[in-house]
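In my numbering, the protein residues as written are 2 to 590.
See structure below.
Okay, here's the thing in structure tokens:
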């Protein structure tokens, strides 16, 4: 039976409710409006303390804030790159150094682990045992290296069986994660439907599923299931960590789990919670071996030595190639091609005059190993002054009493020779490449025997005749443009030619030969053809008159004009007079 006090409270309850609505508003809007102007001050005074208390209580602040901070940083990098780079610039150097150090440490550790697990007797033994057991080698290595390790964690929606998120030890999401979550859900539903509820009236469910390779641990919450794949001997703390994580996920994502419609994007930020479940513990032997990556260091040093050796050889070969470029400055040698072939050989193609320095001798003088050079050498005739002199010196070996003086293209011969040898030397000199005019070369050679040859020496006479003809045929006289006047240089050349012609006529008479001189006048392409033909004839006649004045009989001189010599490369050489000697057998009287 209700008491009098309780009746009074029930009587006044409507009145108190009405009074609250008058004072605070129907939805407490009066209080909200009163607090709103100073809301920032009120919250600001307790905000940091509240975050600190919540973090100390369950650690959820860090896990909730981490995804928000990540997205904020990602937005800043994408939209404010310049400012972000400016902020980070002062610490980039140390960050890079730490990153490189961490990379090298991880690389050495991974390399050492790979070598010890693959290239050693133990590694080969493990491979054999893994094949005998019918398990993947990586799983067997993990079982031998770790006491236990959580390989992968799945977060599955309990009602639909859809995968919400997953993480793995190697940071790679399994391609079969959705299939695995569906199968686990189906098995769990089968167990729930096939067996009777427990004493408390709750449905039965799976807690642990064991396979040959893994132990699957399931922790179920009201709206989601957390599944971990564990290798090795799983301790109780793994299950405890899974329980704490599933409770934390339900606390943080209660609204998203209750309104789940198949879209798993709201759970993309729960990686941090799932990563807390990826725990492992190395065996004592594995821990000891981690500190001694001697094999990895040996391989690394071997690679560094090989790289250094390759770089050194590459530098040496390239330095030889650069040095060989200087061979082009050597007289009588023309560089065609030089390049490096790998780090051992140099391909060298050159053109070399027979009188130039041998290539192998030049390589030796420049400290270039001949064994490293694959040489292809072809001959050519050089017109350089030093090479011409080398040809003359080679010829003078047969005439030890004659010496060569001078440098470059200007040189003379001095000494003493019998007349016959002098004629032979002159004939040989005219055949040397690059010696077009040898008239002034023999001025310092004295004749040691009689001045005249024996008239019965037909061989010597014919030799002298051929020498004189060769000298006259190689002579030419140049003229100025649009001129028929002989220059002082031309007159000097004609005096020498007249002397040679007179001597030739004397010798021809002894050899019973008829000699005639053809004087050929020419002009360049300037002016009309008819004018140039007349000009070329006048030039030939001017030379004819000069030779006649120097003692050559008129009946031995024949002047003709050929007009234009249209050879662009000849330049001023087209304005000249040429000579040709014609010999015939003299008629018998």
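Glycine included, each C-beta is placed from N, C-alpha and C at the ideal position.
Being a predicted model, the structure only gives us computed values, none of them experimental.
Going by the beta-carbon positions, is the gap between residue i and residue j smaller than 8 Å?
i	j	result
residue 520	residue 544	yes
residue 273	residue 79	no
residue 254	residue 236	no
residue 532	residue 496	no
residue 546	residue 518	no
residue 391	residue 365	no
residue 156	residue 275	yes
residue 149	residue 234	yes
residue 220	residue 227	yes
residue 387	residue 434	no
residue 353	residue 395	no
residue 310	residue 373	no
On a CA-only basis, which of the options is nearest residue i? Give me that one, please.
i	options	result
residue 402	386, 379, 426	426
residue 262	330, 162, 388, 218	162
residue 555	503, 384, 67	503
residue 336	447, 302, 378, 62	378
residue 561	552, 551, 577	577
residue 246	59, 210, 317	59
residue 491	579, 152, 23	579
residue 231	153, 164, 302, 223	153
residue 498	548, 211, 479	548
residue 420	150, 406, 462	462
residue 248	131, 372, 510, 278	278
residue 170	310, 229, 210, 159	229
residue 329	346, 51, 360	360
residue 591	158, 126, 43, 334	Only positions 2 to 590 of the chain appear in the structure, and residue 591 is not among them; the question remains open.
residue 428	404, 411, 527, 397	397
residue 260	311, 327, 160	160
Looking only at its chain, what residues have a beta carbon closer than 6 Å to the beta carbon of residue i, apart from the 5 residues adjacent to it on each side?
i	result
residue 348	340, 342, 375
residue 525	575, 576
residue 338	350
residue 553	499, 502
residue 508	462, 465, 466
residue 166	156, 268, 271
residue 542	560
DSSP state of residue i, grouped into three classes?
i	result
residue 329	helix
residue 581	strand
residue 323	helix
residue 78	helix
residue 385	coil
residue 317	helix
residue 166	strand
residue 340	strand
residue 39	helix
residue 49	helix
residue 502	helix
residue 427	helix
residue 211	strand
residue 566	coil
residue 261	coil
residue 135	coil
residue 552	coil
Within a Cβ cutoff of 7 Å, which residues of the same chain sit near residue i, ignoring the five residues on either side of it in sequence?
i	result
residue 315	344
residue 537	522, 523, 524, 562, 563, 564
residue 530	564, 565
residue 407	413
residue 324	367, 369
residue 65	253
residue 480	540, 576, 577
For residue i, write down the residues that DSSP places opposite it in a beta bridge.
i	result
residue 281	150
residue 220	227
residue 272	According to DSSP, residue 272 bridges with nothing at all.
residue 518	558, 582
residue 158	225
residue 54	DSSP lists no partner for residue 54.
residue 477	579
residue 350	338, 377
residue 485	Residue 485 pairs with nothing; no bridge assigned.
residue 447	417
residue 524	565
residue 412	407
Within the same chain, show all residues whose beta-carbon is closer than 8 Å to that of residue i, passing over the 5 residues directly before and after it, in chain order.
i	result
residue 505	466, 469, 470, 473, 516, 582
residue 400	416, 418, 422, 426
residue 586	513, 514, 515
residue 424	461, 464, 465, 468
residue 451	Model confidence at residue 451 stands at a pLDDT of 46, short of 50, so the residue's coordinates are unreliable; what they give is reported in the following sentence. Counting only Cβ-Cβ distances below 8 Å, and skipping sequence neighbours, we find 420.
Nearer than 7 Å: is that true of the beta carbon of residue i relative to any heavy atom of the ligand MN?
i	result
residue 414	Because no ligand of any kind appears in the structure shown, any question about the ligand MN cannot be addressed here.
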